[in-house]
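Colleague: My questions all concern the structure below.
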Amino acid sequence: MGFKALLIEKTDSGFTRSIVEREDSDLPEGDLLIDVHYSSLNYKDALSATGNPGVTRNFPHTPGIDAAGLIIESNTADWSVGDKVVVIGFDLGMNTAGGFGQHIRVPAGWLVALPNGMSLEQSMLIGTAGFTAALCVDKLQMAGSVPGQGPILVTGATGGVGSVAVKLLAQLGYEVAAVTGKAEQHDWLKKLGATEILDRDAARQDANRPLLKERWGGAVDTVGGEILFNAVKGLKYGCSLAACGLVDSPAIPATVLPFILRNVNLLGVDSVQLPVNQKAALWNKLGGEWQMDLSSHRSALTLHTLSGAIDRILAGQMTGRGVVDLKA
Ligand SMILES: NC(=O)c1ccc[n+]([C@@H]2O[C@H](COP(=O)([O-])OP(=O)(O)OC[C@H]3O[C@@H](n4cnc5c(N)ncnc54)[C@H](OP(=O)(O)O)[C@@H]3O)[C@@H](O)[C@H]2O)c1
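With the working numbering as the guide, the letters of the sequence shown map in order to residues 1479 to 1806.
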């Protein structure tokens, strides 16, 4: 069957983007063929679309690390035609044709059932970014974080991961301090629940000092680099930072001092290879006790408007979550 997809091709002058007709026979082998209703735009998709070899090596390629839709062919007894499913992470959109195509074919081990009470569109409003925000909060809680220990610092706060982290933490009763480079979004961050806003440049200051004043009851970092380690140096005794991103830098200018003098923890967060049973458990939490109203996060995208949004996310200019309607 034919379907439409955003195709990235490698040419002598760089990587091109176009919307093309593809056939199911162009898709890789897999247990399940899925009719994708919604996808979402993540920073990693923009890296794939611009040929970052750490994300995608094989071109032509269709990015899209997120997809939600209905099964239209199943080779396994565990899933039936018509089941509503969500796929995030694993190799989807990396070197496997992803959710920026109207059909995907994937192994059964990548799927979770759409949580009860959640629509396909809502699942993609969360998507990898929102799921990762929830995973960061879950990790902080497993490390002992509870409300009342001091503000949780969230960096890259208007981005996909950051903005959902601000919303979820505030909803769970945490005080939230948000770091942003977007002065015009301070009011929105306050509406999401941030009680303190820090300018991104201020968050970089004092990078040469070994320790900073103990301010934070925890932190969710999406940017890496000096901002990450300044946050670690500002953690209160025994508190933790969940690190998931690198939009500023993958390098950390670190010493052991905060760890050995303040007993703080640096927690790694990966949503991509997280075992599917753990993914399903967290998705069900997001459909239940952690359900959020993310309507103010939503930017509506289609295959036709994706390319501009890819440029905006690369430039750090996206706010909230871009949801791609594959049927529009
Ligand atoms: N570990 C995982 O499993 C996992 C999963 C999902 C995402 N990630 C990573 O998490 C990061 C965020 O992803 P995302 O989808 O939320 O991206 P995003 O929507 O582009 O958000 C990133 C935000 O970071 C801020 N920012 C941009 N450039 C910056 C810079 N040079 N220095 C400091 N801050 C900067 C901006 O927010 P402000 O303007 O508000 O500062 C931007 O909106 C990415 O590195 C992504 O690869 C990791």
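Just so you know, even glycine gets a beta-carbon here, dropped at the ideal spot from N, CA and C.
Bear in mind that the values here come from a model prediction, so they are computed numbers and not experimental data.
Looking only at C-alpha atoms, which of His1581, Val1657, Gly1651 sits nearest to Gly1640?
Modeller: That would be Val1657, whose Cα lies nearest to the Cα of Gly1640.
Colleague: Let me know if Ile1738 comes out buried or exposed under the rule of 16 or more other beta-carbons within 10 Å of its beta-carbon.
Modeller: Ile1738 should be labelled exposed.
Colleague: Identify whether Gly1637 lies in helix, strand or coil by the three-state DSSP scheme.
Modeller: If DSSP states are grouped into helix, strand and coil, Gly1637 belongs with coil.
Colleague: Tell me which residue opens and which closes the alpha helix (DSSP H) that Ser1526 is part of.
Modeller: Counting along the chain, the alpha helix (DSSP H) containing Ser1526 begins and ends at 1521 to 1527.
Colleague: Quick check on this structure: which residue in Val1747, Asp1665, Gln1600, Met1770 has the alpha carbon closest to the alpha carbon of Asp1699?
Modeller: It is Val1747 whose Cα lies nearest to the Cα of Asp1699.
Colleague: Within 7 angstroms: the Cβ of Gly1492 and any heavy atom of ligand 1?
Modeller: Checking the Cβ of Gly1492 against ligand 1 gives no.
Colleague: For Leu1618 and Ser1503, what's the separation of their Cα atoms in angstroms?
Modeller: Distance between the alpha carbons of Leu1618 and Ser1503: 44 angstroms.
Colleague: Return yes when the Cβ of Lys1562 is within less than 8 angstroms of the Cβ of Leu1598, no when it is not.
Modeller: Going by C-beta atoms, Leu1598 is nearer than 8 angstroms to Lys1562.
Colleague: Which word fits Leu1735, buried or exposed, when buried means at least 16 other C-beta atoms lie within 10 angstroms of its C-beta?
Modeller: With fewer than 16 other Cβ atoms within 10 Å, it is exposed.
Colleague: Could you tell me which of Thr1528, Thr1534, Leu1570 sits nearest to Leu1505, measuring between CA atoms?
Modeller: Of Thr1528, Thr1534, Leu1570, the residue nearest in Cα terms is Leu1570.
Colleague: For the beta strand (DSSP E) containing Thr1673, list its first residue and its last residue.
Modeller: Residues 1672 to 1677.
Colleague: If you draw a straight line from the C-alpha of Gly1567 to the C-alpha of Val1801, how long is it?
Modeller: Taking the straight line from one Cα to the other gives about 16 angstroms.
Colleague: For Tyr1516, which residues from the same chain have a beta carbon less than 7 angstroms from its beta carbon, with the 5 sequence-adjacent residues on both sides left out?
Modeller: These residues qualify, in order along the chain: Ala1546, Leu1598, Glu1599, Met1602, Val1801, Val1802, Asp1803, Leu1804.
Colleague: Cα separation between Ala1643 and Ile1497?
Modeller: Taking the straight line joining both Cα atoms gives about 33 angstroms.
Colleague: Rounded to a whole number of angstroms, what is the C-alpha to C-alpha distance between His1581 and Leu1760?
Modeller: One C-alpha to the other measures close to 25 angstroms.
Colleague: For Asp1513 and Leu1613, I'd like the C-alpha separation in whole angstroms.
Modeller: Roughly 27 angstroms between the two C-alpha positions.
Colleague: Suppose you measure from the CA of Val1624 to the CA of Leu1647; what does that come to, to the nearest Å?
Modeller: So the two alpha carbons sit approximately 10 angstroms from each other.
Colleague: Cβ atoms of Asp1684 and Leu1690: under 8 angstroms apart, would you say?
Modeller: It is a contact, given that the beta carbons lie within the stated cut-off.
Colleague: Would Val1754 pass as an interface residue toward chain B - the criterion being a Cβ-Cβ separation below 8 angstroms?
Modeller: Although the question refers to chain B, the structure presented lacks it and comprises just one protein chain.
Colleague: Measuring only from the beta carbon, is Asn1520 closer than 7 angstroms to any heavy atom that is part of ligand 1?
Modeller: At least one heavy atom of ligand 1 is nearer than 7 angstroms to the Cβ of Asn1520, so yes.
Colleague: Between Phe1578 and Leu1784, is the Cβ-Cβ spacing less than 8 angstroms?
Modeller: Yes, Cβ-Cβ distance for Phe1578 and Leu1784 is below 8 angstroms.
Colleague: The alpha helix (DSSP H) spanning Asp1789 covers which residue range?
Modeller: Asp1789 -> alpha helix (DSSP H) spans 1784 to 1792.
Colleague: If we ignore side chains and look at the alpha-carbon of each, how far apart do Asn1536 and Leu1713 end up?
Modeller: About 42 angstroms.
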